[in-house]
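Data first, discussion second: the structure below is written as structure tokens.
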Amino acid sequence: MCLAIPGKILDTEDAGFSRTARVQFGGVVRTVFLDLVPEAGVGDYVLVHVGCAISRIDEEEALKTFELLEQIGALEEEGLSHEAPG
Amino acid sequence: MKHLDEYRDARLVRITAGEIRGLVTRPWVLMEVCGGQTHTIMRYGLPDLLPPEVEFVHGPGCPVCVTALETMDRAMAMAARPGVIFACYGDMMRVPGSRLDLFRVKAAGGDIRIVYSPMDALKLARDNPHREVVFFGVGFETTAPANAMAAHAARRDGVGNFSMLASHVLVPPAVRAILGAEGNRVQGLIAPGHVCTVMGYREYEELSAEYGIPIVVAGFEPLDLLAATLMLARQLEQGQARLENQYSRSVTRDGNAAARRLMDEVFETADRKWRGIGRLPLSGLRMRGSYDEQNAEVRFETAVEAVEEPSECISAMVLRGRAKPTDCPAFGGRCTPRNPMGAPMVSTEGACAAYYHFRRTESEGEL
Ligand code: SF4
Numbered sequence: 191m192c193l194a195i196p197g198k199i200l201d202t203e204d205a206g207f208s209r210t211a212r213v214q215f216g217g218v219v220r221t222v223f224l225d226l227v228p229e230a231g232v233g234d235y236v237l238v239h240v241g242c243a244i245s246r247i248d249e250e251e252a253l254k255t256f257e258l259l260e261q262i263g264a265l266e267e268e269g270l271s272h273e274a275p276g
Numbered sequence: 007m008k009h010l011d012e013y014r015d016a017r018l019v020r021i022t023a024g025e026i027r028g029l030v031t032r033p034w035v036l037m038e039v040c041g042g043q044t045h046t047i048m049r050y051g052l053p054d055l056l057p058p059e060v061e062f063v064h065g066p067g068c069p070v071c072v073t074a075l076e077t078m079d080r081a082m083a084m085a086a087r088p089g090v091i092f093a094c095y096g097d098m099m100r101v102p103g104s105r106l107d108l109f110r111v112k113a114a115g116g117d118i119r120i121v122y123s124p125m126d127a128l129k130l131a132r133d134n135p136h137r138e139v140v141f142f143g144v145g146f147e148t149t150a151p152a153n154a155m156a157a158h159a160a161r162r163d164g165v166g167n168f169s170m171l172a173s174h175v176l177v178p179p180a181v182r183a184i185l186g187a188e189g190n191r192v193q194g195l196i197a198p199g200h201v202c203t204v205m206g207y208r209e210y211e212e213l214s215a216e217y218g219i220p221i222v223v224a225g226f227e228p229l230d231l232l233a234a235t236l237m238l239a240r241q242l243e244q245g246q247a248r249l250e251n252q253y254s255r256s257v258t259r260d261g262n263a264a265a266r267r268l269m270d271e272v273f274e275t276a277d278r279k280w281r282g283i284g285r286l287p288l289s290g291l292r293m294r295g296s297y298d299e300q301n302a303e304v305r306f307e308t309a310v311e312a313v314e315e316p317s318e319c320i321s322a323m324v325l326r327g328r329a330k331p332t333d334c335p336a337f338g339g340r341c342t343p344r345n346p347m348g349a350p351m352v353s354t355e356g357a358c359a360a361y362y363h364f365r366r367t368e369s370e371g372e373l
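In the order they appear, the protein sequences are chains A and B. To convert, take the position in the first sequence, counting from 1, and add 190; that gives my numbering. To convert, take the position in the second sequence, counting from 1, and add 6; that gives my numbering.
Next up, the structure:
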């Protein structure tokens with residue numbers, strides 16, 4: 191019920207009181223309301239829930255997640271993670 | 007697909023799970039509140055990747071599962087009215103009321119339409135000016151802004167034949183009811199990322215301080231949940247109890263201002279009865295008086311009786327994380343997704359349905 195799917199904004203349309211966009215999800219394109227994400231524009235990724243975008247995905251923050259996990263991975267591969275002290 | 011596949015990366019999943027295994031020295035009980043997260047945990051078999059010390063219990067997590075019997079009965083009474091087009095999310099169709107479900111009301115001639123978005127329901131009203139369109143507005147804080155948008159647009163545009171049966175529930179009061187209950191076992195909480203996308207996480211900082219437990223706001227992909235588990239395990243092992251935000255690509259401390267403004271314009275907090283949990287003070291949203299014209303409960307009188315939940319169903323325990331679905335005597339036998347006795351077996355995000363689908367085939371996710 192709280193599922194929200196990330197998609198990419200292809201173009202936007204302003205209907206005066208409401209802003210919509212064509213958003214691409216994998217191979218599917220749907221019209222989405224953008225009223226809750228006034229900051230989002232063409233090329234941005236948004237999270238869409240029941241036909242409305244609820245957030246613009248912050249690419250920098252998304253990258254950080256991976257960098258953190260990659261760091262753990264690098265340590266692990268060098269056998270440095272959880273090394274017994276001494 | 008970007009922002010999905012990358013969070014299912016098998017190598018990073020293994021690394022993160024390994025890190026958790028290396029860290030944990032004692033048993034910890036973690037709860038995820040949101041049914042979407044329960045679904046991911048079961049679908050990808052995350053419990054099998056984690057050390058046996060880490061136990062996941064599943065929370066009340068889906069608005070479908072906690073919609074009160076009376077509310078379902080009221081929905082069916084409205085859906086059966088001549089002249090009404092009743093629009094709802096597909097998940098609601100098989101939720102049992104006290105005697106029927108919406109599928110049976112439809113089979114008996116009720117004009118019930120499944121919609122993907124509340125804005126589709128509003129469009130139905132615009133396209134059918136001589137019919138009354140009633141939209142079943144359920145959901146957590148994630149869905150409330152979109153539902154509010156439909157009511158707001160109906161009022162703004164003078165769409166006089168659109169109204170909403172609103173039955174929204176709020177997460178923090180339910181978390182309080184669980185963490186504050188006697189004998190609570192939950193030691194760390196995964197907060198629902200999409201609820202927090204809208205609401206921010208200030209309320210969860212308060213909960214963390216109030217109950218002295220670590221809380222991590224998390225997303226819905228396997229890596230999100232494993233990263234959140236790692237963050238919780240670290241805090242627990244080090245005796246810390248604070249809020250961390252794993253889902254920072256979508257969640258900020260203050261949430262989505264535009265969404266909150268719209269919710270606030272249309273809804274106000276009210277007491278709400280939760281199926282399986284009971285009445286919780288200020289745990290729901292109802293339409294404000296200024297939206298009486300869009301409020302189906304004001305527009306259509308529907309008397310429904312108070313009813314008891316079926317005694318065999320232990321969903322009350324399941325929804326509070328006190329029992330696993332597999333502890334229920336009806337699980338998988340008299341109660342299946344095709345013939346659900348309780349709501350957690352209906353929704354794909356209900357804990358009982360998640361266990362039913364993914365326990366029997368074991369985990370199916372390709373990791
Ligand atoms: S398995 Fe069915 S009867 Fe048992 S708790 Fe879940 S929904 Fe209720």
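Quick reminder that beta carbons are idealized off the backbone N, C-alpha and C, glycines included.
The beta carbon of A:PRO196 is closer than 8 Å to those of PHE215, TYR235, VAL236, LEU237, VAL238 and ILE247 in its chain, skipping five residues each way along the sequence. B:PHE142 is the residue among B:PRO58, B:ARG110 and B:PHE142 whose C-alpha sits nearest the C-alpha of B:ARG80. Taking C-beta atoms as the reference points, B:VAL310 and B:ALA86 fail to come closer than 9 Å. Non-local beta-carbon contacts of B:ASP298 in its own chain, meaning distances under 6 Å to residues more than five positions away in sequence, involve VAL304 in chain order.
For A:LEU200, not one C-beta of chain B is nearer than 9 Å to its own C-beta. Here B:THR31 is exposed. Its C-beta has fewer than 16 other C-beta atoms within 10 Å.
Look at A:CYS192 here: in three-state DSSP terms it is coil, with no helix or strand label. Segment contact: the segment 91-109 of chain B against the segment 345-365 of chain B, three or more CB-CB distances shorter than 8 Å; contact assigned. The Cβ atoms of B:ARG340 and B:GLU318 sit closer than 9 Å to each other. Taken through DSSP and simplified to helix, strand or coil, B:ARG285 comes out as strand. For a Cβ distance threshold of 8 Å, residue set LEU226, CYS242 and ILE244 of chain A lies close to B:PRO151, ordered along the chain.
Chain A has no Cβ within less than 9 Å of the Cβ of B:LEU55. A direct Cα-to-Cα measurement between B:LEU195 and B:LEU232 gives close to 13 Å. Chain A places no beta carbon closer than 9 Å to that of B:HIS363, leaving this residue out of the contacts. As computed with DSSP, A:VAL236 is found in a beta bridge with A:GLY197 and A:ARG246.
A:GLU257 is outside the set of residues whose beta carbon lies under 9 Å from a beta carbon in chain B. Residue side-chain check: B:PHE337 places its Cβ nearer than 8 Å to a non-hydrogen atom of the ligand SF4.
Annotation for B:ALA183: ILE283 and LEU286 place their beta carbon closer than 7 Å to its own, counting only its chain and skipping 5 residues before and after.
For A:ALA211, DSSP records a beta bridge to A:THR202 and A:VAL222. DSSP places B:ARG161 in the uninterrupted alpha helix (DSSP H) bounded by 150-162. With the rule of 3 Cβ pairs closer than 8 Å, the segment 209-220 of chain B does not count as touching the segment 262-281 of chain B.
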